[in-house]
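So for the sequence shown, this note's numbering puts the first residue at 703; every next one is plus one.
Notes to accompany the following structure.
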Amino acid sequence: MEQVIVIGAGLAGSEAAWQLARRGIPVELREMKPRKMTPAHHSEFFGELVCSNSLRSDQLENAAGLLKEELRRCDSLIMSCAGEHRVEAGGALAVDRHAFAAAITERIRTHPCITVVEGEVTEIPPEGNVILATGPLTSVALSEEIAKLFPNSQYLNFFDAAAPLVTFDSIDMDRAWFASRYDRGTPDYINCPLTAEEYDAFWTALTQAEEAEVHGFEDAGVFEGCMPVEVMARRGRDTLCYGPMKPVGLKDPKTGREPFAVVQLRRDNAQGSIYNLVGFQTHLKWPEQKRVFSMIPALNHAEYVRYGVMHRNTFLDSPRLLDRYYRVRGAERLMFAGQITGVEGYVESTASGCLAAVELARRLEGKEPANFPQETAMGALALYISDQSVVNFQPMNINFGLIPPLGYRVKGKRNKNAAISQRALEALDKLELSCRPFPQT
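Okay, structure coming up:
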């Protein structure tokens, strides 16, 4: 069987190597640790969690919980090690970070089909199947090599400066309306008005809200090209009214007049299930974002599928560059996995490595693609990062907004989400992935 080269032994790379090796496919896993370390990592282990020991919700009423269950049904290495080294955290999956990473490393290093090669990778192998899973802190040398793959495109974003996203269903449309400025063209925006009193309260809270800390491996240059909305607000009470919250050309159909200020929401996916707060790039802490942005009347009960972020993040313009199997369009021997593809989060990175490896293994075995459907969380993520209709691509956590609705009404949000999860697991089970069970330890 042809050998596959996997570059990077984070969660995505480790999962990809494991899924291939378990199917008898030889893997050469190249990892620069411990010979070279990034400022974000502190141990020699594979699959190191940098920011938290929590892998988020483990409940099927939550999209992250569904994604974990799908991975378990694919016999995920990462989920197996997480289960073995779980610590109490209520409904979340939290792990002993050191023991978790050590377990991943031991499984990888002792697998007979995996050969680990230590040292920095500065060139992309010129032949054979390669999965690049080098993470958001891909080295400068390898970033330059990746750039050569995509000479005619804005291939790589070095900073992630993104506004929050909310679900359409959670927007109070009794306090908002569809329209484009001056009613030009189609009514593409949802407009959320504020009175002078509402704006003053919002502005005061925004200028006093607590910002997230900047990590040592991040660069203040992120703020030069895209000013955080809270920084803009601090320049004066009326600054936002001449910027992202200007009401000019937007008449409220309830009053026939322009409101004092308006927050515009723009559709973020083809289905219209997710909307972006236009111009609201922010570096506020996530609880602060929810507290302050909920002061916008139409967003009083908004459900956030992603909070705003401004930090160092290397990711591809994947909709233009990758297909649903995480392959490079036009150079399908090359695949990417992990956060560099625009999936956000540890579990999402694991899922991308799993899907990429499963689909590659099927091709090497002469089988048809599994084609994880959009009804599954894994399939929804893959289809999101490869959706060429997405214009302003930004990294995304898994959320139910990426998964098609049920097509029938279910009373209660938790019940609805549970039904979506049940449908997803039934669809996954039909794929017949032929995964062998984990060896007993």
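Glycine included, C-beta positions come from ideal geometry on N, C-alpha and C.
Which partner residues does residue i have in the DSSP bridge list?
{"i": "leucine 731", "result": "Val708 and Val818"}
{"i": "asparagine 764", "result": "Partner(s): none; asparagine 764 has no beta bridge."}
{"i": "leucine 867", "result": "Asn978 and Arg1008"}
{"i": "alanine 963", "result": "Leu896"}
{"i": "arginine 1065", "result": "Arginine 1065 is not bridged to any residue."}
{"i": "arginine 969", "result": "Tyr977"}
{"i": "aspartate 954", "result": "Arg959"}
{"i": "valine 832", "result": "Ile707 and Leu1036"}
{"i": "leucine 1083", "result": "Its beta-bridge partners do not exist; DSSP assigns none."}
{"i": "leucine 986", "result": "Glu913"}
{"i": "methionine 947", "result": "According to DSSP, which records beta bridges pairwise, methionine 947 is partnered with nothing at all."}
{"i": "serine 756", "result": "Ala796"}
Give me the residue from the options with the minimum Cα distance to residue i.
{"i": "arginine 1125", "options": "Glu771, Ile998, Ala903 and Arg968", "result": "Glu771"}
{"i": "lysine 992", "options": "Val868, Gly793 and Gly837", "result": "Val868"}
{"i": "glycine 821", "options": "Ala719, Asp1131, Ala1079 and Arg737", "result": "Arg737"}
{"i": "proline 989", "options": "Ala911, Leu1104 and Arg1064", "result": "Ala911"}
{"i": "lysine 1146", "options": "Gln1076, Val1060, Val1007 and Gly1109", "result": "Beyond the ends of the chain as shown, which are 703 and 1143, falls residue 1146; an answer cannot be given."}
{"i": "proline 949", "options": "Asp902, Val964 and Leu839", "result": "Val964"}
{"i": "threonine 807", "options": "Ala766, Glu746, Leu1057 and Val842", "result": "Glu746"}
{"i": "leucine 952", "options": "Pro961, Tyr944 and Gly945", "result": "Pro961"}
{"i": "leucine 1023", "options": "Met734, Val994 and Asn854", "result": "Asn854"}
{"i": "valine 1007", "options": "Leu844, Cys783 and Asn764", "result": "Asn764"}
{"i": "valine 1030", "options": "Glu1134, Leu1062, Pro930 and Glu730", "result": "Leu1062"}
{"i": "threonine 817", "options": "Glu790, Ser716 and Glu915", "result": "Ser716"}
{"i": "glycine 1103", "options": "Lys735, Leu942 and Asn1119", "result": "Asn1119"}
{"i": "alanine 794", "options": "Arg758, Arg811 and Glu733", "result": "Arg758"}
{"i": "aspartate 1089", "options": "Pro1107, Glu1050, Ser1020 and Ser841", "result": "Ser1020"}
{"i": "leucine 908", "options": "Asp885, Thr897 and Leu942", "result": "Leu942"}
{"i": "histidine 800", "options": "Leu896, Glu1046, Glu846 and Ala784", "result": "Ala784"}
{"i": "methionine 734", "options": "Gln721, Val708 and Trp720", "result": "Val708"}
{"i": "arginine 1035", "options": "Pro946, Lys1132 and Pro828", "result": "Pro828"}
Among the residues of its own chain, which have a CB less than 8 Å from the CB of residue i, if the five just before and after it don't count?
{"i": "methionine 703", "result": "Gly726, Ile727, Pro728 and Leu1066"}
Closest Cβ-Cβ distance between residue i and chain C: below 8 Å?
{"i": "lysine 987", "result": "Annotation note: the requested chain C is absent from the structure, which comprises a single protein chain."}
Between residue i and the rest of its own chain, which residues show a CB-CB distance below 6 Å, the 5 nearest in sequence each way excluded?
{"i": "glycine 927", "result": "Note that glycine 927 scores 45 on pLDDT, short of 50, meaning its location in the model is unreliable; the coordinates nonetheless yield the value given after this. The answer is none, since no qualifying residue turns up."}
{"i": "histidine 813", "result": "Ala723"}
{"i": "phenylalanine 925", "result": "Only weak support is given to the placement of phenylalanine 925: the predicted model assigns it a pLDDT of 44, under 50, and the value that follows is read from those uncertain coordinates. Once the five neighbours on either side are set aside, phenylalanine 925 has no close Cβ partner at all."}
{"i": "proline 999", "result": "Arg877"}
{"i": "valine 931", "result": "Phe982 and Thr984"}
{"i": "alanine 1129", "result": "Pro1075, Glu1077 and Thr1078"}
{"i": "alanine 843", "result": "Thr824"}
For the putative contact between residue i and residue j, defined by C-beta atoms under 8 Å, what is the C-beta separation to the nearest angstrom?
{"i": "leucine 967", "j": "tyrosine 1048", "result": "Between tyrosine 1048 and leucine 967 the Cβ distance is about 29 Å, and since that is not below 8 Å, they are no contact."}
{"i": "glutamine 983", "j": "alanine 865", "result": "5 Å"}
{"i": "threonine 1016", "j": "isoleucine 1087", "result": "Between isoleucine 1087 and threonine 1016 the Cβ distance is about 15 Å, and since that is not below 8 Å, they are no contact."}
{"i": "arginine 774", "j": "methionine 781", "result": "5 Å"}
{"i": "glutamate 1077", "j": "isoleucine 1105", "result": "6 Å"}
{"i": "glycine 710", "j": "glycine 830", "result": "That belief does not hold up - the Cβ atoms of glycine 710 and glycine 830 are roughly 16 Å apart, past 8 Å."}
{"i": "aspartate 760", "j": "glycine 767", "result": "5 Å"}
{"i": "leucine 839", "j": "alanine 803", "result": "Rounded, the Cβ-Cβ distance is 17 Å, inconsistent with contact."}
{"i": "glycine 1032", "j": "alanine 835", "result": "With 8 Å as the limit, glycine 1032 and alanine 835 do not qualify as a contact, their Cβ atoms being about 20 Å apart."}
{"i": "phenylalanine 1095", "j": "isoleucine 976", "result": "That belief does not hold up - the Cβ atoms of phenylalanine 1095 and isoleucine 976 are roughly 13 Å apart, past 8 Å."}
{"i": "arginine 939", "j": "tryptophan 905", "result": "6 Å"}
Starting from the C-beta of residue i, find all residues in its chain whose C-beta is less than 7 Å away, skip the five residues before and the five after it, and write them out in chain order.
{"i": "serine 996", "result": "Asn1002 and Ala1004"}
{"i": "glycine 1081", "result": "Phe1074 and Pro1075"}
{"i": "asparagine 893", "result": "Ala878, Trp879, Ala881, Leu952, Val964 and Gln966"}
{"i": "proline 889", "result": "Phe880, Ala881 and Ser882"}
{"i": "alanine 1058", "result": "Ala718, Ile833, Tyr1027, Tyr1028, Met1037 and Ala1039"}
{"i": "serine 778", "result": "Glu717, Thr1052 and Cys1056"}
What I want to know is whether the C-beta of residue i ends up closer than 7 Å to one or more non-hydrogen atoms of the ligand FAD.
{"i": "arginine 1035", "result": "Of ligands this structure carries none, so the ligand FAD is not represented either."}
Next on the checklist: Extract the residue ranges of the beta strand (DSSP E) inside the segment 767-821, only unbroken runs of 3 or more that lie entirely within it.
Outcome noted: 794-797 and 816-820
Item to check | Any alpha helix (DSSP H) of 4 or more consecutive residues that is wholly inside the segment 877-945 | outcome: 898-910 and 931-935
Checklist entry - Can you give, in chain order, each stretch of the beta strand (DSSP E) that sits fully within the segment 996-1047 and has at least 3 residues? => result 1006-1008, 1011-1018 and 1033-1038
Checklist entry - In the segment 1100-1139, which residue ranges form an unbroken alpha helix (DSSP H) of at least 4 residues, counting only runs that do not cross its ends? => result Entirely contained in the segment 1100-1139, the alpha helix (DSSP H) runs reaching 4 residues are, in chain order, 1115-1131.
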